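Peer 1: One structure follows; several queries about it will come next.
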Amino acid sequence: MTRPLPVHTMLPAQANASMARERVNMATKLDLGCGPFGKLEGAVGLDINDAAHVDVVHSLDDYPYPFDDAQFDHVEMSHILEHILQPARAMDEVYRIARPGASIRIVTPHYSSQLSYGDLTHYHHFGYVTITQMCRDGRFRMDECRLIFSDVYRVLGISLLANRFPRRWEKYLAFIFPGMYVEAKLTVVKL
3 MTRPLPVHTM LPAQANASMA RERVNMATKL DLGCGPFGKL EGAVGLDIND
53 AAHVDVVHSL DDYPYPFDDA QFDHVEMSHI LEHILQPARA MDEVYRIARP
103 GASIRIVTPH YSSQLSYGDL THYHHFGYVT ITQMCRDGRF RMDECRLIFS
153 DVYRVLGISL LANRFPRRWE KYLAFIFPGM YVEAKLTVVK L
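Residue 3 is where the sequence shown starts when you use our numbering, and the numbers rise one by one after that.
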């Protein structure tokens, strides 16, 4: 195995790549699928697109993800889970790269929203029940799962009612009073 060159003997591009690799290896926050619009402050950003703020260019459908086991204290998954071909496998990878007690934040369009079906790159559609199913095997603890609505439905009290009785709302009222997003906060459970 060859030893890496000291930074002072590297060419500028090599030094920048080395520093970027070190920054990724030292990171404790990860923004999966950070997209073209920015990433969580202080996080390493992973995306398939090579945008200026993306630290790691990688497809979330290619396994394993290019990170060490138990590397991250927080994983942000905002508007990405619906784009992944095998969400359960992606959650296996999130579990692998997350430390015990790590926080996971998931935001995805609710299946009753046109936002869920209006994008051809959405392979899956999620709701309160489908998100809670991710916690059934005991690897993730659900700390919070809430339904997010448009301003009109918040003013009318639909948001309050749906979040108080999410399973009933999804069963009987989701397509009458559609939600916009589901936001879930999970904790990784490892022994």
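Just so you know, even glycine gets a beta-carbon here, dropped at the ideal spot from N, CA and C.
Just so it is clear, the structure is predicted and the values come from calculations on it, not from any experiment.
1. Quick one: Cα of residue 190 to Cα of residue 89, how far?
2. Are the CB atoms of residue 32 and residue 77 nearer to each other than 8 Å?
3. Go ahead and pull the three-state DSSP assignment for residue 86.
4. Secondary structure at residue 99, three-state DSSP: helix, strand or coil?
5. Express the C-alpha separation of residue 109 and residue 62 in angstroms, rounding to a whole number.
6. Cα separation between residue 105 and residue 55?
7. Alpha carbon to alpha carbon, how far is residue 103 from residue 162? Give it in angstroms, no decimals.
8. By how many angstroms is the C-alpha of residue 34 removed from the C-alpha of residue 186?
9. Just to confirm my understanding: we take residue 117, look at its own chain, exclude 5 residues before and 5 after, and list those with CB closer than 7 Å. What are they?
10. Report yes or no: is there a C-beta of chain D within less than 8 Å of the C-beta of residue 188?
11. Quick one: using the 10 Å Cβ neighbour count with 16 as the cut-off for buried, is residue 167 buried or exposed?
12. Would you please state the rounded distance, in angstroms, between the beta carbons of residue 99 and residue 69? I believe it to be under 8 Å.
Peer 2: According to the structure shown:
1. Using only the alpha carbons, I get a separation of about 16 Å.
2. In this structure, the beta-carbon distance from residue 32 to residue 77 falls below 8 Å.
3. Looking at residue 86 - three-state DSSP - the assignment turns out to be coil, as it is neither helix nor strand.
4. Assignment of residue 99 by DSSP, reduced to helix, strand and coil, places it in the helix class.
5. Roughly 16 Å separates the two Cα atoms.
6. Linking residue 105 to residue 55 through their CA atoms gives a straight-line distance of about 22 Å.
7. Residue 162 and residue 103: Cα-Cα distance of roughly 29 Å.
8. Rounded to whole angstroms, residue 186 to residue 34 spans 15 Å at the Cα level.
9. So the qualifying residues of the chain are 111 and 182.
10. Here there is only one protein chain, and chain D is not present.
11. Flag for residue 167 reads exposed.
12. About 5 Å separates the two Cβ atoms, so the contact holds.
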